[in-house]
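Numbering (our numbering), first residue to last: 1196 to 1546.
The beta-carbon is built from N, C-alpha and C at its ideal position, and this holds for glycine as well.
Each remark here refers to the structure printed beneath this line.
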Ligand SMILES: C[S@@+](CC[C@H](N)C(=O)[O-])C[C@H]1O[C@@H](n2cnc3c(N)ncnc32)[C@H](O)[C@@H]1O
């Protein structure tokens, strides 16, 4: 056990990094809601019908549980004191500007339900049809550099600054299978890696572990490559989770964070089968994604409301998806689910 002085120092350092970060993103959320309210009032809209969702006090209390768990993981030696690598103040302000600039257009898309702007003569047929939508109502969908630069602010605002903390919870089941092994001889694949924030956390824990990130978006892969350039033994490439450019039985672990709720049910099964194919025997699959109906009953109404504010065409089917059966059909065994605030970590093993 750590001596009280170093334990105190760790806790202070953790708070000094995380508290301003949470305040920054909660502040963005407050301004965003104020702006949205102003637009609604000017348009003479009536207040929306209230449904029973947890109040902010409850949300913040549950979020605090997640942060305490994150700190406990650090104190247990599962991963080092995390660094979020958000960049300089001027980087943060530039991303903040991008975030706020897109809000009026997002509002327009939400009202008009125009969600196919990225399906054009140039993109049609180059990516699957389900992918060519303005997910989250954001400009550029997954396809543009601006979208890739805006994404992390958008997600952290949605999660009140807890998105990276949530992603880090995937490191716990990885630690269970990696501890005591030579990290240089292991291989990990992260599918739908987006801008590479999870891979950054992974490399902080295992800097010499060879890791590959795959994503369907060229722009997000470019952003991830830029973000991850401080690390060695890492590569990020464009690819489709439905047909991974990876040898069978070659990966010790596969991870996928916040991707499955964006896939149609049929595609979820294809991607799962690919994960099972590329995993070695005794390999582990770790998914992090939204809570589902019944995981935290007080949150059910809030989860059902989510696709009203964010374009998430497959989220309602995700909420009821039976991942244990999908896994079993691919030869993977469900090990456990662990809730992490509004998300959960799902763990599966290939026997
Ligand atoms: C909500 S984002 C999650 C990104 C990242 N994992 C994170 O933690 O923020 C979903 C990502 O999945 C990617 N994606 C969606 N369908 C995909 C597919 N079939 N194959 C590979 N990537 C896909 C998108 O391009 C996007 O970057």
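Residue 1460: CB within 8 Å of a non-hydrogen atom of ligand 1: Closer than 8 Å to some heavy atom of ligand 1: that does not describe the Cβ of residue 1460.
Cβ of residue 1434 within 8 Å of any heavy atom in ligand 1? Because some heavy atom of ligand 1 lies under 8 Å away, the Cβ of residue 1434 counts as near it: yes.
Between the C-alpha atoms of residue 1256 and residue 1501, what's the straight-line distance to the nearest angstrom? About 20 Å.
As assigned by DSSP and simplified to three states, the class of residue 1420: In the structure shown, residue 1420 adopts helical secondary structure according to DSSP, grouped into three states.
At a threshold of 8 Å, does residue 1220 count as lining ligand 1 (C-beta to nearest heavy atom)? Every heavy atom of ligand 1 is 8 Å or more from the Cβ of residue 1220, so no.
Rank 1431, 1232, 1215 by C-alpha distance to the C-alpha of residue 1405 and give the top, closest one. Comparing Cα positions, the closest option is 1431.
Spatial neighbours of residue 1453 within its chain, please: CB distance less than 7 Å, with the 5 preceding and 5 following residues excluded, ordered by chain position. Within the same chain, residue 1453 has close Cβ partners 1483, 1484.
Short check: CB of residue 1270 to CB of residue 1202, under 9 Å? Yes, Cβ-Cβ distance for residue 1270 and residue 1202 is below 9 Å.
Using the rule of at least 16 other Cβ atoms within 10 Å of the residue's Cβ for burial, across every protein chain shown, is residue 1361 buried or exposed? Burial call: buried.
Kindly indicate the opening and closing residues of the beta strand (DSSP E) around residue 1446. DSSP places residue 1446 in the uninterrupted beta strand (DSSP E) bounded by 1446–1452.
Is residue 1383 helix, strand or coil when you go by DSSP? The answer is strand: DSSP assigns residue 1383 an E or B state.
Pick out the complete alpha helix (DSSP H) segments inside the segment 1307–1365, 4 residues or longer, and give them in chain order. Entirely contained in the segment 1307–1365, the alpha helix (DSSP H) runs reaching 4 residues are, in chain order, 1340–1353, 1358–1363.
Tell me, please, which residues DSSP counts as bridged to residue 1529. Its beta-bridge partners are 1543.
Answer yes or no: do residue 1544 and residue 1520 have a C-beta to C-beta separation smaller than 9 Å? Between residue 1544 and residue 1520, the gap from beta carbon to beta carbon reaches 9 Å or more.
Hey, residue 1408 and residue 1346: beta-carbon distance below 9 Å or not? It is not a contact, given that the beta carbons lie outside the stated cut-off.
For the segment 1205–1278, list the alpha helix (DSSP H) runs that are entirely contained and at least 4 residues long, ordered along the chain. Runs found: 1251–1270.
Tell me whether the beta-carbon of residue 1393 lies closer than 9 Å to the beta-carbon of residue 1365. Contact flag set, yes.
Sequence-distant residues of the same chain with beta carbon closer than 8 Å to residue 1275, five excluded per side: 1269, 1399, 1400.
Is there contact between the segment 1338–1352 and the segment 1366–1380, where contact requires at least three CB pairs shorter than 8 Å? Fewer than three pairs of CB atoms, one per stretch, sit closer than 8 Å, so the segment 1338–1352 makes no contact with the segment 1366–1380.
Tell me which residue opens and which closes the beta strand (DSSP E) that residue 1484 is part of. 1474–1485 is the span of the beta strand (DSSP E), which, as asked, contains residue 1484.
Tell me whether residue 1339, by its Cβ, gets closer than 8 Å to a heavy atom of ligand 1. Between ligand 1 and the CB of residue 1339, the shortest heavy atom gap is not smaller than 8 Å.
Rounded separation between residue 1292 and residue 1384 - CA only: Roughly 33 Å between the two C-alpha positions.
How about residue 1532: is its Cβ closer than 8 Å to a heavy atom in ligand 3? This structure lacks ligand 3; the ligands present are ligand 1.
In this structure, how does DSSP classify residue 1537 when only helix, strand and coil are distinguished? Coil at residue 1537, not helix or strand.
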